[in-house]
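The next block holds one structure in the form of structure tokens; read it before the comments.
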Amino acid sequence: MTVPSLSKQDVENLRQDTAGVEELIHFNNAGTGLALKPCLTAVKDHLDLEARLGGYEAANVAKSDLDAFYTALAALIGCRPHEIAYVENATRAWDMAFYGIDFREGDRIVTGRSEYVSNFVAFLQMKKRRGIEIDIVEDDQDGQIDLKALKATIGPKTRLVALTHIPTFSGLINPAEEVGEIARAHKVLYLLDACQSAGQIPLNAREIGCHILSGTGRKYLRGPRGTGFLHVSDNVLDQIEPPFTDLQSAVWVDETSYELVPGARRFETWERYVAGQIGLAVATNYAIGVGMEKIGERICTLAGELRTALSALPGVALHDKGARKGGIVTFTVEGEDPQQTKHRLEQAGMNVSVSSASSARIDLPLRGLDSVVRASVHAFNTEAEVERFVKTLGTFTR
Ligand SMILES: Cc1ncc(COP(=O)(O)O)c(C=O)c1O
7 MTVPSLSKQD VENLRQDTAG VEELIHFNNA GTGLALKPCL TAVKDHLDLE ARLGGYEAAN
67 VAKSDLDAFY TALAALIGCR PHEIAYVENA TRAWDMAFYG IDFREGDRIV TGRSEYVSNF
127 VAFLQMKKRR GIEIDIVEDD QDGQIDLKAL KATIGPKTRL VALTHIPTFS GLINPAEEVG
187 EIARAHKVLY LLDACQSAGQ IPLNAREIGC HILSGTGRKY LRGPRGTGFL HVSDNVLDQI
247 EPPFTDLQSA VWVDETSYEL VPGARRFETW ERYVAGQIGL AVATNYAIGV GMEKIGERIC
307 TLAGELRTAL SALPGVALHD KGARKGGIVT FTVEGEDPQQ TKHRLEQAGM NVSVSSASSA
367 RIDLPLRGLD SVVRASVHAF NTEAEVERFV KTLGTFTR
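Using the numbering used here, read the sequence shown as starting at 7 and increasing by one per residue.
Right, dumping it as structure tokens:
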């Protein structure tokens, strides 16, 4: 099956809609995507409306734009709108589900080496609080989660399979669907951190088979900062009690009782960044309009080109793992601290970021790495930018 790709004109249109591309080369989309003009306009318009009418009144006027958030995110990840919650970031979205699971002493969590730092810290806290155990599944020879080992690790005490789809510190795309098949066969709850994959590659929660999926607005989806989302499937809603409740997530029935609202909105809070919700809906619909297959294809191809060009540079070492790789490219320059490389690139008008061992305790140090430079491309980036980037880096290694 051929994967559809973006035409030159499509890329040009993406650039027209991207603030900042004239000024710099933004290869830090895994940090924050460069602002999308239609999203920026929607956010500013709503802030203006709030200033003119008052915040509550503006939210009433914007009701259909707010509702569009649920349909947009549901369309993006292949679920139903009532299975989506608006949360302020991916971490809190993930937390709202994780801390809602009634872990008992001796329960086990199965995870992989690419798990996100905050998720792993939460596992450790749950271990301290409730006496759960953490099983780390090794990587296979390609560097992705070892599916055979995963099967062998899941046992009667396994309560949760938690996987980070695309780690923050590597080009790896974990085989989320295959993990889903295994979780399904063992009837285990499956929580997918899709923070880096949402907006980067096509996602379908039903096909993946995850019950819970968390994501952020500001990265590959190019929504506003301070926005995120949580998907909780209807099938597991009764297994997860929101760790916090408020007047949005629950109805106060009488002096002795409350009822949780139906669907995933029980994981929301009432007070929120309303303009952000509208903006993320706009950004998500924009990505859907362009086509996630095409966006994913472009990102993976461009990153592949960057890897190929970097591998030809003497003194540059690539560090991406995985049989399937996405838009994140990690490398180091011989004899140079990654922070210094980042700084020098910044001076040249090129944004990258650095991933450190402190965010990857069960991965980077095991590979003898303290930190790596992370260059993360998006569909609006160009081959010419890749060329300029590599050329600039080449001057550092001479
Ligand atoms: C894989 C992964 N999960 C979760 C997060 C946390 O996202 P947020 O900062 O929106 O809470 C990140 C952020 O870098 C991430 O890369």
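Think of the CB as a built atom: it goes at the ideal place given N, C-alpha and C, for glycine as much as any other residue.
If you ignore the 5 residues before and after residue 321, its C-beta comes within less than 7 Å of the C-beta of 339, 340 and 403, all in its own chain and listed in chain order. For residue 211, the three-state secondary structure derived from DSSP is helix.
Within the stretch 283-341, the runs of alpha helix (DSSP H) that reach at least 4 residues and sit entirely inside it are, in chain order, 298-317. The beta carbon of residue 269 sits closer than 7 Å to those of 88 and 89, all from its chain and outside the five residues before and after it, given in chain order.
Secondary-structure assignment with DSSP links residue 235 through a beta bridge to 92 and 221. One thing to note: residue 209 has its Cβ within 8 Å of the Cβ of residue 203. In this structure the stretch 48-64 lies against the stretch 279-294, because at least three pairs of beta carbons, one per stretch, are closer than 8 Å. For residue 34, the three-state secondary structure derived from DSSP is strand. Your pair residue 296 and residue 333 does not check out as a contact, with CB atoms roughly 15 Å apart and the cut at 8 Å. Cβ neighbours of residue 141 within its own chain (closer than 6 Å, five residues either side excluded): 114, 116 and 159.
Two segments are said to touch when three or more pairs of C-beta atoms, one from each, lie closer than 8 Å; by this definition the stretch 65-76 does not touch the stretch 208-226. Checking the DSSP bridge columns, you'll see residue 378 partnered with 361.
Scanning its chain for C-beta atoms nearer than 8 Å, with the 5 sequence neighbours on each side dropped, one finds around residue 294 the residues 78, 81 and 82, in chain order.
Sequence-distant partners of residue 91 (beyond 5 residues in either direction) whose C-beta falls short of 6 Å from its own C-beta, in its chain, are 236, 270, 271, 273 and 274. Within the model, the alpha-carbon separation for residue 385 versus residue 105 is close to 35 Å. A contact is defined here as three or more CB-CB pairs under 8 Å, and the stretch 118-137 meets this definition with respect to the stretch 167-186.
Taken atom to atom, the span from the alpha-carbon of residue 329 to that of residue 148 is near 5 Å. Between the C-alpha atoms of residue 213 and residue 59 there is a straight-line separation of about 43 Å. Approximately 6 Å separates the beta-carbon atoms of residue 178 and residue 150; this is inside 8 Å, confirming the contact. For the set 13, 400 and 389, the Cα lying nearest the Cα of residue 317 is the one of 400. Separation of the CB atoms of residue 347 and residue 392 is rounded to 16 Å, and the pair is thereby denied contact status at 8 Å.
No Cβ-Cβ contact shorter than 8 Å links residue 40 with residue 23.
Going by DSSP, residue 118 is part of the beta strand (DSSP E) stretching over 114-118. In this structure, DSSP gives residue 194 a state outside helix and strand, which the three-state scheme calls coil. Contact between the stretch 300-312 and the stretch 362-373 is absent: fewer than three C-beta pairs spanning the two stretches fall below 8 Å. For residue 101, the distance from the CB to the nearest heavy atom of ligand 1 is not below 7 Å. CA-CA distance, residue 180 to residue 259, rounds to 44 Å. The Cβ neighbour count for residue 36, taken over all protein chains shown within 10 Å, is at least 16; the residue is labelled buried. Within 7 Å of the C-beta of residue 95 there is at least one heavy atom belonging to ligand 1. The continuous stretches of alpha helix (DSSP H) do not include residue 165, which lies in the beta strand (DSSP E) extending over residues 164-170. Taken in chain order, the whole alpha helix (DSSP H) runs of length 4 or more contained in the stretch 45-74 are 61-67. Using a 10 angstroms sphere on the CB of residue 110, the tally of other CB atoms stays under 16, which defines it as exposed. Placement of the Cβ of residue 359 at a distance of 7 Å or more from every heavy atom of ligand 1 is found. 8 Å or more divides the Cβ of residue 95 from the Cβ of residue 358.
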